[in-house]
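*Asks:* Quick one: structure below, then a few questions.
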Amino acid sequence: MEKICVAVRVRPPICHENSSSTFWGVDDNQISLHKLHGSPISGVSYTFDHVFDENFSNSDIYELLTKDIIHAAVDGFNGTAFAYGQTSSGKTFTMNGSSNDPGIIHRAVNDIFQKINMISDREFLIRVSYMEIYNEEINDLFAVENQKLQIHENLERGIFVAGLREEIVNNAEQVMKLLESGEVNRHFGETNMNARSSRSHTIFRVVIESKGKDTGSFGDYSSSDAIRVSVLNLVDLAGSERIAKTGTGGVRLKEGKYINKSLMVLGNVINKLSDSAKRRAHIPYRDSKLTRILQPALGGNAKTSIICTVAPEEIHIEETKGTLLFASRAKRVTNCAQVNEVLTDAALLKRQKLEIEELRWKLQGSHAEVLEQEILKLRNDMLKYELEREKLEMELEKERRSHKERDQYIRDQLMMIENLSSLVSDGDGSSSQGSMKESPTEECHNRGDDFKTPCFKAAPKAFVAKRSNYSQLPDFSPLPDSFSDVADEDTWFKINKGYIADLDSLQTTPARKVQSFPPEDVTPNYLNKKYKKELQNLKRRLELVTEEKNELQRKLAEDIEVKDRLKGDISKLKQEALLAREVPQRLCGSVTSFKDTYEEVLSKMQRYTFDGKSSTAKLLRCISEIGSILFSTMETSISNTTDRHKLSSENDSLIQEYNKMLSEKLKSTITSLILSETASSEDKQTKTPCSCNFEVVAWSRYHVSILVLFFVMILGYFVPFFRTLIF
Ligand code: ADP
Ligand code: MG
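If you read the sequence shown in the numbering used here, its first letter stands for residue 1470, the second for the next number, and so on.
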């Protein structure tokens, strides 16, 4: 048993406050709060394995705190190094460092490879992974597509993150490159990186496997050799101020909702672990992802160190006190680290042995460097294949489990229905024959069983139940040991093709008991009546539902009929619309033929006038002009309607123009008619009595003018009529 190694590191002050009344003083491995120019304040003094003031570099911290753990990891011990503290206290600086002063991770990686290169009698296999826990979700920093990974546990591998990418590495440079790519992935799509890094934990994990080299030829091991497998976790935790629930500042209260669950659980776990062993009750490792992953590092098989970083500024005094309190508790936690040796296939070195040997044999005589590269490639390929297979297996298992649950549910339902119907039919039989021989409970009584399990027809042969851990509890059905037709577990296992129902996982057991195990004072008759009634109720409900269904079907048929009718109407209307669209074109044709006829008639009439200067000739010319204006108006109106795009104010003004011309023409015609009429009557009086010819001309003049006026009126009436008809 050994205690967790706890150190405190005070970072250099960022701003030098003038109004400081207190300061943190470091004396050897003690840190105390001092009054300005005064002695330490009593009660605020803490002692740890190491206390590093601002003058210590990452190199010093690595040498004094972490180096031993790293070396132990190479020797087969699990190791973990945490950085804990409030945001901006120097956690990341300690773990990652700067270019001048590399942090623990970089130094550890270099050290591992330096050390293994010095060990000539062992062969090593190093693989690394990098993950982030953010909002209780595990994300792979080596593969952005691996998000929300799940934690699993099995006998061979212990606790592991399923699907997490692992890379086999040969040297420190490869690891550095991978870490850089991990950092890039972490920044990917992140707008506020500072907020994220202060709320997320990162775990850089190195798995070191090693095997003693045989004294014989290179790479030739005896198969019984044990392989050492150790896991090294280097953890940069989220800012610890998030766990503070209380506080005077409004900011902290507001941030209450951001309390980091993992960090809070880590505090609880450390508290519980620091209690004396007697009082140690349940340790809540499973309450958070972080504590679950790091379970072996906390109170388990690991050498662990915690570096608690603190900020020296007076404004951070409460946070610093909180960190120091956490560190004090952690100091009391003990672990029991031992070398992990495995003989099983849990070690990758063992699983890959055959393939690697085969490759070595194939590449015999190759340059050592080429051989190493080929081996590394093969190893990584095989590892990727394994991880992929593991992921798929997990998914398959999940699918199987849900299938199993569904099957179980269906089987339960079927059994319930069967029980119900058998009880009802039994009840019918008993009432008609007056016999209760078939009654299950009766049968059980006859057999002398002291519990009242109804012996369902399907139940004994339907499945076999694993002996429940809770079978002694009265809430669960005890296994009927004395039943003669219940085979032993092996037989059932074979009969049911390997399926064994786990009674502990049957959630419905107590509920079924209510239905299947009647209280002692309940008689079978009462039960039968009850089930009959239930069945009747069910039948009634079924009838109602069927009625409702029929009603709905009828409505549907009606709706379909109406729809068909509407469809017919719509197609008729469409045809009519098509015809209506042709109307203006036909009208246009008619107007053109009218126009032609009109012009022909007028030209013939004009031929009968004696000379072009007579009043009749003038009149006819006027009529011809009026007619052409009218026809043009009509044509424009109709063409407007045939092509709606042409409907514009321009065309409307054209029509108005025609109307204006028309009225002016009419006026001038009437005036000239009156004038010529007056002149002809004067002529009549002064000249000799009229000849027949004159009378004809006068007659025709009157009548032509009346006809023209009439014609104009008709056309004037029709133009607006056409327009309204078409629109
Ligand atoms: P955290 O990870 O705890 O939020 P950081 O490691 O990012 O804090 O440190 C905050 C700032 O303080 C950084 O700019 C870092 O370079 C600086 N810093 C922290 N510790 C030290 C130290 N020991 N020496 C020099 N600078 C430090
Ligand atoms: Mg940080």
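The C-beta atom is built at its ideal place from N, Cα and C for all residues, glycine as well. None of these values were measured; they are calculated from a predicted model.
(1) Within 10 Å of its beta-carbon, does Arg2076 have 16 or more other beta-carbons around it, so buried, or fewer, so exposed?
(2) Using a threshold of 8 Å, state whether the C-beta atoms of Asn1849 and Arg1697 are closer than that.
(3) Looking at the structure shown, is Cys2057 part of a helix, part of a strand, or coil, going by DSSP?
(4) In whole angstroms, give me the CA-to-CA distance for Glu2045 and Ser2062.
(5) Give me the Cα-Cα distance between Phe1673 and Asn1702, rounded to the nearest whole angstrom.
(6) Would you kindly work out how many angstroms separate the C-alpha atoms of Arg1480 and Glu1622, rounded to a whole number?
(7) So Thr1760 packs on Val1734, CB below 8 Å; how close in whole Å?
(8) With distance defined between alpha-carbon atoms, name the residue in Leu2135, Asn2109 and Ser2083 nearest to Ser2097.
(9) How long is the line joining the alpha carbons of Ser1709 and Ser1666, rounded to whole angstroms?
(10) On the CB-based measure, 16 or more other CB atoms within 10 Å of its CB, does Ile1825 come out buried or exposed?
(11) In whole angstroms, give me the CA-to-CA distance for Ala1837 and Ile1844.
(12) If we count the other Cβ atoms within 10 Å of its Cβ and call it buried at 16 or more, is Asp1957 buried or exposed?
(13) Around the C-beta of Ala1552, are 16 or more other C-beta atoms found within 10 angstroms, so that it is buried, or is it exposed?
(14) Just to confirm before moving on: does the CB-CB distance between Tyr1515 and Leu1793 stay below 8 Å?
(15) Can you tell me the Cα-Cα spacing of Phe1546 and Ile1574, whole angstroms?
(16) Do Glu1636 and Phe1611 have their C-beta atoms closer together than 8 Å?
(17) Determine the contact status of Arg1634 and Leu1818, defining contact as a CB-CB distance below 8 Å.
(18) Would you check whether the ligand ADP has a heavy atom nearer than 7 Å to the C-beta of Phe1517?
(19) Following a CB-centred definition, is Thr1563 positioned closer than 7 Å to any heavy atom of the ligand MG?
(20) Nearest CA to the CA of Gln1616: which residue from Val1630, Leu1624 and Arg1626?
(21) For the 8 Å Cβ check, are there 3 or more pairs between the stretch 1568 to 1585 and the stretch 1531 to 1543?
(22) In the structure shown, what three-state DSSP assignment does Leu1972 receive?
(23) Rounded to the nearest angstrom, how far is the Cβ of Gly1566 from that of Gly1559, given a contact under 8 Å?
(24) Run through DSSP, which three-state label would Cys1474 get?
(25) Does the Cβ of Lys1536 lie closer than 7 Å to at least one heavy atom of the ligand MG?
(26) Run through the DSSP bridge pairs and tell me what Asn1623 is partnered with.
(27) I'd like the span of the alpha helix (DSSP H) that includes Ala1796, first residue to last.
(28) Bridge partners for Gly1548 per DSSP, in chain order?
(29) Would you give the residue range spanned by the alpha helix (DSSP H) that Lys1758 belongs to?
(30) Per DSSP, which one or two residues make a beta bridge with Asn1804?
(31) Excluding the 5 residues flanking Ser1757 on each side, which residues of the same chain have their C-beta closer than 6 Å to its C-beta?
(32) Would the C-beta of Thr1789 count as close to the ligand ADP, meaning under 7 Å from any of its heavy atoms?
(33) Got a sec, what are the start and stop residues for the alpha helix (DSSP H) Ile1538 sits in?
(34) Any idea what DSSP makes of Cys1484, helix, strand or coil?
(35) Any heavy atom of the ligand ADP within a distance shorter than 7 Å of the CB on Lys1560?
(36) Return yes when the C-beta of Asp1570 is under 7 Å from any heavy atom of the ligand MG, and no when it is not.
*Replies:* Taking the geometry as given:
(1) Only exposed fits Arg2076, as fewer than 16 other CB atoms lie within 10 angstroms of its CB.
(2) Contact flag unset, no.
(3) Of the three classes helix, strand and coil, the one that applies to Cys2057 here is helix, per DSSP.
(4) About 26 Å.
(5) Rounded to whole angstroms, Phe1673 to Asn1702 spans 6 Å at the Cα level.
(6) Each residue's Cα considered, the two are about 39 Å apart.
(7) So it is a contact: roughly 5 Å between Cβ atoms.
(8) Measuring from the Cα of Ser2097, the nearest candidate turns out to be Leu2135.
(9) Going from the Cα of Ser1709 to the Cα of Ser1666 covers about 12 Å.
(10) When all chains shown are included, Ile1825 counts as buried.
(11) Cα atoms of Ala1837 and Ile1844: separation of roughly 10 Å, rounded to the nearest angstrom.
(12) Bear in mind that the predicted position of Asp1957 carries a pLDDT of just 49, short of 50, making it too unreliable to give a figure here.
(13) With a threshold of 16 other beta carbon atoms within 10 Å, Ala1552 meets it and is buried.
(14) Taking 8 Å as the Cβ cut-off, Tyr1515 and Leu1793 qualify as a contacting pair.
(15) In this model, Phe1546 and Ile1574 are separated by some 17 Å (Cα to Cα).
(16) In this structure, Phe1611 lies closer than 8 Å to Glu1636 by Cβ.
(17) Contact: no.
(18) Not one heavy atom of the ligand ADP lies closer than 7 Å to the C-beta of Phe1517.
(19) Answer for Thr1563: no, Cβ out of range of the ligand MG.
(20) The shortest C-alpha separation from Gln1616 is found at Val1630.
(21) These segments touch.
(22) Confidence at Leu1972 is low in this model, with a pLDDT of 42, below 50, so its placement is unreliable and the value that follows should be read with caution. It is helical.
(23) The beta-carbon separation of Gly1566 and Gly1559, rounded to 10 Å, does not stay under the 8 Å limit for a contact.
(24) Judged by DSSP in its simplified three-state form, Cys1474 adopts strand.
(25) Proximity of the beta carbon of Lys1536 to the ligand MG is not indicated: no heavy atom of the ligand is located closer than 7 Å.
(26) According to DSSP, Asn1623 bridges with Gly1627.
(27) For Ala1796, the enclosing alpha helix (DSSP H) covers residues Ile1786 to Lys1800.
(28) According to DSSP, Gly1548 bridges with Leu1701 and Lys1772.
(29) Counting along the chain, the alpha helix (DSSP H) containing Lys1758 begins and ends at Lys1758 to Ile1762.
(30) In the DSSP output, where bridge partners are listed per residue, Asn1804 has Glu1471.
(31) Only Lys1730, Ser1731 and Val1734 meet the Cβ criterion.
(32) For the ligand ADP, no non-hydrogen atom lies closer than 7 Å to the CB of Thr1789.
(33) Counting along the chain, the alpha helix (DSSP H) containing Ile1538 begins and ends at Lys1536 to Val1543.
(34) Shown here, Cys1484 sits in coil according to DSSP, grouped into three states, outside any helix or strand.
(35) Because some heavy atom of the ligand ADP lies under 7 Å away, the Cβ of Lys1560 counts as near it: yes.
(36) No; taking the cut-off as 7 Å, the Cβ of Asp1570 has no heavy atom of the ligand MG nearer than that.
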